[in-house]
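These notes concern the structure reproduced below.
In the working numbering, the protein residues as written are -12 to 60.
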């Protein structure tokens, strides 16, 4: 199987490129629409990203980064 595709949106997912810098290789993720926009008030404390097309939700940036690291390992 090929490398997983991780996609984040700096506007709505609660995680930004700078959060991944130095932790996840740049070729392991891309920035763009994840087609799951929610207003900040609706999102609450959740952060999310798409990994191989599946929406992955976590309660914190650290949890989400750990899930992304696991997927690209």
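For glycine and all other residues, C-beta sits at the position ideal for the given N, C-alpha and C.
- Leaving aside the five residues that flank residue 52 on each side, the residues in its chain whose CB is nearer than 8 Å to its CB run, in chain order, 2, 6, 7, 10, 11.
- Residue range 34 to 38 is occupied by the beta strand (DSSP E) that includes residue 36.
- Rounded to the nearest whole angstrom, the CA to CA distance from residue 59 to residue 15 is 7 Å.
- Annotation for residue 45: the continuous beta strand (DSSP E) segment containing it runs 41 to 45.
- Exclusion of the five residues before and after residue 48 leaves 1, 2, 6, 34 as the residues of its chain whose Cβ lies within less than 8 Å of its Cβ.
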